[in-house]
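Data block below; observations after.
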Amino acid sequence: MAKRYGPKIEDPHDVLLYPVATEKAMRLMEAENKLTFIVRRDANKPLIKKAVEELFDVEVEKVNTLITPTGEKKAYVKLKPEYRAEDVAVDLGIL
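Counting in the working numbering, the sequence shown runs without a single skipped number right up to 171 at its last residue.
Next comes the structure, spelled out in structure tokens:
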């Protein structure tokens with residue numbers, strides 16, 4: 077299988093558009109150590125992982141993505157256990 081590469085995006089700020097601060101996102105943050113972002117539609121999982129790791133100085137364990145009914149791409153980013161999603165949320169100003 078051929079390896080797929082995402083778009084050439086130099087700045088990680090261009091990948092992550094904004095964090096999501098809904099009740100579900102807060103519950104995931106507390107219970108599962110996950111952050112939720114709206115990202116560029118053409119961003120792939122490795123690119124999202126790299127952007128989060130560079131911007132927030134954390135290590136990412138896993139990235140899940142979906143396309144919302146409104147056409148936006150949402151990314152659920154699970155951090156490794158030694159990092160806390162709440163600390164990143166405080167830095168972002170959503171907590």
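The beta carbon of each residue, even a glycine, is placed where N, CA and C say it ideally should be.
I'd like the span of the alpha helix (DSSP H) that includes I124, first residue to last.
For the purposes of this step, residue 124 is identified with residue 48 of the sequence shown, where counting begins at 1. Unbroken alpha helix (DSSP H) run through I124: K121 to F132.
Please classify L104: does DSSP put it in a helix, a strand, or coil?
Here residue 104 refers to the residue found at position 28 when the sequence shown is read from its first residue. Residue state, collapsed to three classes: helix.
In the DSSP output, which residue or residues are listed as bridge partners for V139?
In the sequence shown, the residue the question calls residue 139 occupies position 63. Its beta-bridge partners are V153.
Should A161 go down as buried or exposed, given a rule of 16 or more other Cβ atoms within 10 Å for buried?
Position 85 of the sequence shown, counted from the first residue, corresponds to residue 161. Label assigned to A161: buried.
Quick check on the DSSP output: the alpha helix (DSSP H) that includes V96 runs from which residue to which?
If you number the sequence shown from 1, residue 96 lands on position 20. Looking at the DSSP string, V96 is not in any alpha helix (DSSP H), and its letter there is neither H nor E.
Measuring only the C-alpha atoms, how far is L171 from K110?
As a position in the sequence shown, residue 171 is number 95, starting the count at 1. As a position in the sequence shown, residue 110 is number 34, starting the count at 1. Cα to Cα, L171 sits roughly 14 Å from K110.
Tell me the rounded alpha-carbon separation between N120 and I85.
Along the sequence shown, read from residue 1 onward, the residue named residue 120 stands at position 44. Along the sequence shown, read from residue 1 onward, the residue named residue 85 stands at position 9. Answer to the nearest angstrom: the Cα atoms are 11 Å apart.
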